[in-house]
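Below is one structure; the comments refer to it alone.
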Amino acid sequence: MIKKLFKKVFGKSAPARVAGAAHLIPYSEHKVSRDGISYGAKRVTDGLQAAGFQAFVVGGAVRDLLLDRQPKDFDVATDATPEEVRRVFRRARIIGRRFRLVHVMFGEETVEVSTFRRAIDAEDAETDEHGRILRDNEFGDQKQDAERRDFTANALFYDPTSQEIFDYHNGYADIRANTLRMIGDPEVRYREDPVRMLRAVRLSAKLGMKLDQATAAPIFKMKELLRNVPEARLFDEMLKLLLSGHAYECIKKLRAMHLHHGMLPMLDVILEQPMGEKFVMLALQNTDQRIAEDKATSPAFLFGALLWHEVLVAWKAKQEAGEKPIAAMHAAMDEVLDRQRAQLAIPRRYDTVMKELWLLQPRFEQRGGQRPMRLLALPRFRAAYDFLLLRCQSGEAATELGTWWEEFQHAGDERRAEMLLPDTGGPKKRRRRTKKPGGAAQAELPIG
Ligand code: ATP
Ligand code: MG
């Protein structure tokens, strides 16, 4: 009878058990075993439960396990307050001021523990004039914590003890149907936090999930709201996207949805230059490839690549206006970085490496005398050479230049001597006498 009624109301068969409003999915159905949970996350849930609290693995980790992917990290949600959590563990500290979380450390692993929170109703919440919620750190219960999350697939709670999943929004079925669906009314949720639009694109590209129709539909008309998001937050989200291992897919999706305007305004300009587009896409594929191979990736390299064609255009313009190549390059770099900073907040800590990569590019042209050996000896040679290869592949630099350097760096002394081109180094001596404290990279810059 009850089963029948359930079927009538919900249009499907009744779950095995229902706790609160949660649909409880047993291990026999989802097959995510306790062994899939990291050591630290198990210690945290066990510790909190032994102290009488509720504790679950939550969010991206549960989703990834159900998709048969290795989670990046394990987050825990609990009904214990941050102070209560800290008291249970030996190595734990409370972080964040408005948003208080606890980091519990076990050797290399840090587990982030958050107390259940609830979304504050739009009327009561502190918002900006566009409806973006500025504060949502009220404590709540598990059900409310599920509701404030973004996608149904991200709102599942896994209990490592009972090996059950608590599902309030049909996230389990959505994952099985490979669908990313916003909890609640997508328009309202995007207004509260426009970054969710970028998350929708990033997560669907990264996880290969399709965006539910109603979740995708409002994005195009709401994309302008991204302009009100603080730059630092936008930057963090962009970095996540670019280093997701699926940057190429993400950017393609962003472009298809016309979201790249709000997110990376200069990407527009760059992608509209025929050479620039190819170069940027190659740089993204190269980064994805490195991540797939577990190689290090550097944000500075990536941003350097994204902005390179801007630098080239500015550099050329300045030289045409009569500036000397070195001075023109320095001015071009500063101009591009300033312009970019106003829109995107690329932190200054990446400037040094980006500039170094750019400044070294013209030096690859100098293949006579001692110069190639000096370039080879620089700590940044490898990264600059990888950058050069992308330029060659995109057609902006001669393929021959890349092959020359490939051979030169691995050749023996004799072959190297043969390879050197006639030294047309020109004003080398004069320059050395007038060398400024700026260092070798500046003094040797380019011949045009
Ligand atoms: P990733 O694999 O990239 O880490 P994730 O889903 O774990 O993906 P996090 O940024 O680590 O993303 O966020 C953890 C969880 O917090 C999410 O799964 C989601 O439940 C919730 N969350 C994150 N950002 C938002 C947001 N803007 N709005 C609502 N919920 C969010
Ligand atoms: Mg995560």
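Position one of the sequence shown corresponds to residue 18 (my numbering), numbered consecutively onward. C-beta atoms are modelled at their ideal positions from N, C-alpha and C, and glycine is treated no differently.
Per DSSP, the continuous alpha helix (DSSP H) segment holding D81 begins and ends at G77 to L83. In this model, L405 and R149 are separated by some 43 Å (Cα to Cα). The shortest C-alpha to C-alpha distance from S131 to any of E125, A400, I111 and M122 is the one to I111. Pairing M226 with T178 gives a Cβ-Cβ distance that is not under 8 Å. If you draw a 10 Å sphere on the C-beta of R250, you find fewer than 16 other C-beta atoms in it, and that means exposed. Distances taken from the Cβ of G76 to the heavy atoms of ligand 2 include one shorter than 7 Å.
Distances taken from the Cβ of R117 to the heavy atoms of ligand 1 include none shorter than 7 Å. Taking the C-beta atoms as reference points, P203 is found nearer than 8 Å to T232. In the DSSP assignment, T95 falls outside any alpha helix (DSSP H) and within the unbroken beta strand (DSSP E) covering D92 to T95. Rounded to whole angstroms, V105 and F116 show a C-alpha spacing of 20 Å. Around the Cβ of M199, a 10 Å sphere holds 16 or more other Cβ atoms; the residue is buried. Fully contained in the region 385-430 are the following alpha helix (DSSP H) runs of length 4 or more, in chain order: 388-393, 398-411 and 416-427. A residue is called buried once 16 or more other Cβ atoms fall within 10 Å of its Cβ, and Y56, having fewer, is exposed. Residue ranges of uninterrupted beta strand (DSSP E) with 3 or more members, entirely inside the region 163-209 and ordered along the chain, are 173-176 and 181-184.
The beta carbon of A309 sits closer than 8 Å to those of G262, all from its chain and outside the five residues before and after it, given in chain order. Between the region 337-356 and the region 413-428 there are fewer than three inter-stretch CB-CB distances shorter than 8 Å, so the stretches are not counted as touching. Boundaries of the alpha helix (DSSP H) harbouring T232: Q230 to A233, taken from the DSSP string.
Counting only the Cα atoms, D145 lies some 22 Å from L276. Under the three-state reduction of DSSP output, K341 falls in the coil class, being neither helix nor strand.
For R208, the Cβ stays outside the 7 Å cut-off from all heavy atoms of ligand 1.
When the alpha-carbon of M436 is set against those of P291, R408, R384 and S411, the nearest one is in R384.
Assignment of beta-bridge partners to R135 by DSSP yields E155. Cβ neighbours of A38 within its own chain (closer than 8 Å, five residues either side excluded): K160 and Y185. With a cutoff of 7 Å, K89 counts as near ligand 2, since its C-beta is closer than that to a heavy atom of the ligand. Counting along the chain, no alpha helix (DSSP H) covers R110; the unbroken beta strand (DSSP E) around it starts and ends at A109 to I112. Within 10 angstroms of the beta-carbon of G69 lie fewer than 16 other beta-carbons, which makes it exposed.
Distance between S411 and L224, taken at the CA atoms: about 28 Å.
Here the alpha carbons of V328 and L299 stand approximately 18 Å from one another.
A straight line joining the alpha-carbon of G321 with that of F296 spans about 11 Å. When DSSP states are grouped into helix, strand and coil, H147 belongs to the coil group.
Sequence-distant partners of R103 (beyond 5 residues in either direction) whose C-beta falls short of 8 Å from its own C-beta, in its chain, are A109, R110, I111 and V119. According to the DSSP assignment, V105 belongs to the alpha helix (DSSP H) that extends over P99 to V105. Following the DSSP letters along the chain, one finds M214 inside the alpha helix (DSSP H) bounded by residues V212 to L224.
Counting only the Cα atoms, D92 lies some 16 Å from R86.
In this structure, A72 and L65 form a Cβ contact; the two beta carbons are roughly 4 Å apart against a cut-off of 8 Å. The beta-carbon separation of V218 and E254, rounded to 10 Å, does not stay under the 8 Å limit for a contact.
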